[in-house]
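The structure under discussion appears below in the form of C-alpha cells.
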Amino acid sequence: MADRAGGGLLRGWVDESNAIVTAWQECESRGESEHSARTQFYEKSCKLLQKMHGVPPVSSQVELEMTLVYNTFLFSLTCPQHFDVQENLSRTLIRALEALGSQALTSDLVALWRLVLKTLSDAGFLACVHKLLCVQWALWLSSGHLQNIHCLLLIVTQGETRTPSDDLMTVIRNLGLSSDEKSSLLVAVATSVLKDLLHICTVVAQGIERLRQGSHAEALQAFLHATCLPAPRRLFAQVHTLAGLTFAKLDQPYSALQCNRKALEVDFGCLSALYQSSLIYRGLKKTEAEIEALQLLYSATTLRSNVPPASAVVPLISSDMLLSCKYFKSIITAPSSLHILYSLAHACALHNRFSEAVEHYLDLLALLQSDFMQTVCTEGNVAVFPRIPAVYLEAAFTMLSAKKFWDAAAVCEEVISKTADLIPEKLVLVPLAEEDFPAPAVPSILESTESRRLDRLDCVLWAGASYCLQGHAYYQMKETNESVTIYSRCLNLLAKVSLKRLAIAGQPVGEKDPPKFETLQRLRGLVLAGRGMCFMDQGQWKEALRDLKLSLQTSPGLQNAQYALTEVYWRLGRKEEAITCWKESVIMPVETPSAGDFPLYLQGFSEDSLSFDLNDLRKRMGEVCQTSGLSA
Numbered sequence: 001m002a003d004r005a006g007g008g009l010l011r012g013w014v015d016e017s018n019a020i021v022t023a024w025q026e027c028e029s030r031g032e033s034e035h036s037a038r039t040q041f042y043e044k045s046c047k048l049l050q051k052m053h054g055v056p057p058v059s060s061q062v063e064l065e066m067t068l069v070y071n072t073f074l075f076s077l078t079c080p081q082h083f084d085v086q087e088n089l090s091r092t093l094i095r096a097l098e099a100l101g102s103q104a105l106t107s108d109l110v111a112l113w114r115l116v117l118k119t120l121s122d123a124g125f126l127a128c129v130h131k132l133l134c135v136q137w138a139l140w141l142s143s144g145h146l147q148n149i150h151c152l153l154l155i156v157t158q159g160e161t162r163t164p165s166d167d168l169m170t171v172i173r174n175l176g177l178s179s180d181e182k183s184s185l186l187v188a189v190a191t192s193v194l195k196d197l198l199h200i201c202t203v204v205a206q207g208i209e210r211l212r213q214g215s216h217a218e219a220l221q222a223f224l225h226a227t228c229l230p231a232p233r234r235l236f237a238q239v240h241t242l243a244g245l246t247f248a249k250l251d252q253p254y255s256a257l258q259c260n261r262k263a264l265e266v267d268f269g270c271l272s273a274l275y276q277s278s279l280i281y282r283g284l285k286k287t288e289a290e291i292e293a294l295q296l297l298y299s300a301t302t303l304r305s306n307v308p309p310a311s312a313v314v315p316l317i318s319s320d321m322l323l324s325c326k327y328f329k330s331i332i333t334a335p336s337s338l339h340i341l342y343s344l345a346h347a348c349a350l351h352n353r354f355s356e357a358v359e360h361y362l363d364l365l366a367l368l369q370s371d372f373m374q375t376v377c378t379e380g381n382v383a384v385f386p387r388i389p390a391v392y393l394e395a396a397f398t399m400l401s402a403k404k405f406w407d408a409a410a411v412c413e414e415v416i417s418k419t420a421d422l423i424p425e426k427l428v429l430v431p432l433a434e435e436d437f438p439a440p441a442v443p444s445i446l447e448s449t450e451s452r453r454l455d456r457l458d459c460v461l462w463a464g465a466s467y468c469l470q471g472h473a474y475y476q477m478k479e480t481n482e483s484v485t486i487y488s489r490c491l492n493l494l495a496k497v498s499l500k501r502l503a504i505a506g507q508p509v510g511e512k513d514p515p516k517f518e519t520l521q522r523l524r525g526l527v528l529a530g531r532g533m534c535f536m537d538q539g540q541w542k543e544a545l546r547d548l549k550l551s552l553q554t555s556p557g558l559q560n561a562q563y564a565l566t567e568v569y570w571r572l573g574r575k576e577e578a579i580t581c582w583k584e585s586v587i588m589p590v591e592t593p594s595a596g597d598f599p600l601y602l603q604g605f606s607e608d609s610l611s612f613d614l615n616d617l618r619k620r621m622g623e624v625c626q627t628s629g630l631s632a
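Numbering follows the UniProt record's numbering, with no gaps: position 529 of the sequence shown is 529.
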C-alpha cells in the first residue's frame, strides 16, 4: 500500500512539473514571457520542490527532483531569488546520494560533484546528472569562476581521455555530455541547447579574461575559436566585435575592421562594432570614414531610442545572463547617443569642418539642457562623458572658428555666470608625490584636499577659457577696447592661482609642473597673445611687445604669437630682433608640447584671424633672410 501511495504521489508530482513547463511553453508561444510570468513559474517550481524536499529521498524520484531543479534554475534567471538556486542544487545532489545509500562528507562543491558523478552515473542517472552539471556550470560561469568550471569538467573528461588537458577550451572540446531527454519529464530548455550556449560563453569568458590580463594573442585564439561554434545571432556578432577589438590591440587595424564588418553583417544592431570601427578610423587618421561611422552610429542610436522595444520573445537563458562581467558589458555596449553626438561634433571640429560641428554642438547643448541628460547619467556607459563646461567651451570655440562671434560670446557668458561663485580668491597648488606621504591613513586626507583644489582650478580654467574665447570674439568683431578689457579681466582671474614648489631632499625643485598647471600656462599665454594683438591694432606697439614676449615666455611655441612679435619688432625698427624671432618660429621651431596636448578650446586660432598681412610678413622676412644668407 505504501509503495502504491508513494507511486501515486510521484505521478502527481510528475504531472505538476510537466504542467508548469507546458504552461510556460504556451505563454512563450503567445509572447507572454515577460518577467512577471517567469517569476510566477519560478515560484510554482519552488513550491513543488519544497514538497519533494519534505519527504525522505528515494531513488524513484531522483530524476524528477533533478529535472525540477533544472527547470527552477531556468525560471530563476530574471528573478531576485537567483541566489537560492545553488542551495537547492546542492541539497538535491546530497539527497540523490542519500537515496542511493551514499553520503556527502564534504561541503566543497567540486568534491561533492566528484562523488555525485561517480555514484549516480553508475546507477544509470547520467542524463539527469548532466542536466544539473549544466546548471552548476552556468552558475559558476555567471559569477566568473572559470577555474571551478575547469575542475568540474575535468572530472567528467577524466574517464574519456587518457591525458586530461590543462586548457579549458580543450577540455570543453573533449567533453561528452549526455543530451538524452526523458519524454515523461518535460524541460523548459533542451539540455543540448543549454550545453551549446555554455560552451561558447565559456570560451568567450576565457578570451575576455585573457584580454583583461593583456594576453592578446591568447584572447584572439579564444575569440576565433568561438566564431566556429553555434551561437545566437546577437552573440555571434558580439564575438566578432571582441575579435576585432583584440586585432586592434595587436596593431592589426585592417583585420579588426574586417571583424567589425562581419559583426554588422550578422547583426546590424551590434552598434558596438560600428563604434569600435570609428575608433580604428580615428587611429588610422581616416577622417571621412570616422565621421561617416559616427553619423551612422548616431542615426542608429537615435532611431533605437525613438522606437518602442519590440515584443519579441526573450529566451529563458541568454548570453547576457551568463556573461555578466562589467568588462564584457563595457566592450559590447555602444556609448549613449549623447556621447556619440559629442564624438561626432568633436571630430568635425578637430578636422576643420566647423559648419557641421556647430550644428552638432547646438544639438548637444539643447540635449544637455533637457531631461534627456538625466537618463544618460544613470546609464553607466563605457565611454566617459566630458565635463559640461568643457563641452560648452568646445562649442564656443567651434562657433568662433565658424565666424559666429556673437553666439560664441553668449555661450562663454553662460559658462562664466555658472562658475563665477565657485572661484576662490586665492588658490595655491602643492604638487605631492607618493613618497611625501608618511602613513597609509594620511594620503586620503591630503589627496582629498588636493582633489578639491584641482576642482577649483577647473573652475578657474573654465572661466578663464571663457574670457579668452570671448575676448577673441570681440577682437574678431573689431571691438578691441572691449576685447582688451575682457583679456585683462582674465589675466586678473588667472593671477589667483599659484604653484608652490616643495623642496625634497635629493630632488630638483619643480622639475615638472602638474598637467593642469601646464594647461593654465597655455591659457595665460593665449590671453597675453590675444591682448598683445589688440594693442597692435590700436598702434600701442610697446604694450603689444610686452604682452607678446610674456606670452611666449609663459607658453613657448604659440606660432601666431611668434608671427605677431616678429611684426611688432619690424614696426619698431628692431630688424635684427625681428629676424631672430622669425628664425625661431620658422627655421628653428622650439620643441614644445603640441596643441593636441591641450583641450580643443585651447588650440589657438587660425592664421586668418590675424589683423596684419601674414603673407606680406613672410615675403619681407624671406627677402631679409635671403639677403642675410639664410633660407626662410
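Idealized CB from N, CA, C, for every residue including glycine.
DSSP three-state assignment for residue i, whether helix, strand or coil
i    : result
S178 : coil
S36  : helix
L186 : coil
L429 : strand
L229 : coil
V14  : helix
L610 : coil
L558 : coil
V497 : strand
A441 : Residue confidence is low: A441 scores 45 on pLDDT, short of 50, so the model does not pin down where it sits. No coordinate-derived value is stated.
L617 : helix
D196 : helix
R353 : coil
Q540 : coil
P335 : coil
H472 : helix
D166 : coil
A402 : coil
K418 : helix
F517 : helix
Q507 : Because Q507 sits at a pLDDT of 46, beneath the cut-off of 50, its placement in the model cannot be relied upon, and the following sentence gives the value as read from the coordinates. Reduced to three states, the DSSP call for Q507 is coil.
Whole-angstrom C-beta distance between residue j and residue i, which should lie under 8 Å
i    : j    : result
Y361 : A395 : 4 Å
F405 : L600 : About 18 Å; that fails the 8 Å criterion.
A263 : T227 : In fact, because the Cβ distance is near 10 Å, the residues do not count as touching under 8 Å.
L141 : A205 : 6 Å
L338 : L367 : 6 Å
R114 : I172 : 18 Å between Cβ atoms; not a contact.
Buried/exposed call for residue i, threshold 16 Cβ in 10 Å
i           : result
Y327        : exposed
K542        : exposed
H199        : buried
Q136        : buried
F268        : exposed
A495        : exposed
H150        : buried
residue 633 : The question about residue 633 has no answer, for the chain in this structure spans 1 to 632.
N615        : exposed
V428        : exposed
S17         : buried
V55         : exposed
G573        : exposed
G532        : buried
Q213        : exposed
T170        : exposed
Q562        : buried
Y569        : buried
Sub-8 Å separation of residue i and residue j beta-carbons
i    : j    : result
G471 : C490 : yes
L112 : T106 : yes
S555 : R522 : yes
H130 : T78  : no
N71  : V21  : yes
V415 : A357 : no
C468 : V411 : no
V187 : N148 : no
A289 : Y281 : yes
Cβ of residue i within 8 Å of any chain B Cβ
i    : result
I423 : Here chain B cannot be found, since the structure has a single protein chain.
Whole runs of the alpha helix (DSSP H) within the stretch 245-330, excluding any shorter than 4 residues: Counting only runs of 4 or more, we get 253-266, 271-283, 287-306 and 319-322.
Runs of alpha helix (DSSP H) wholly within the stretch 561-587 (minimum 4 residues, chain order): Correct list: 575-582.
Alpha helix (DSSP H) runs contained entirely in the stretch 54-105, provided each spans 4 or more residues: Within the stretch 54-105, the complete alpha helix (DSSP H) runs of at least 4 residues fall at 62-76 and 84-99.
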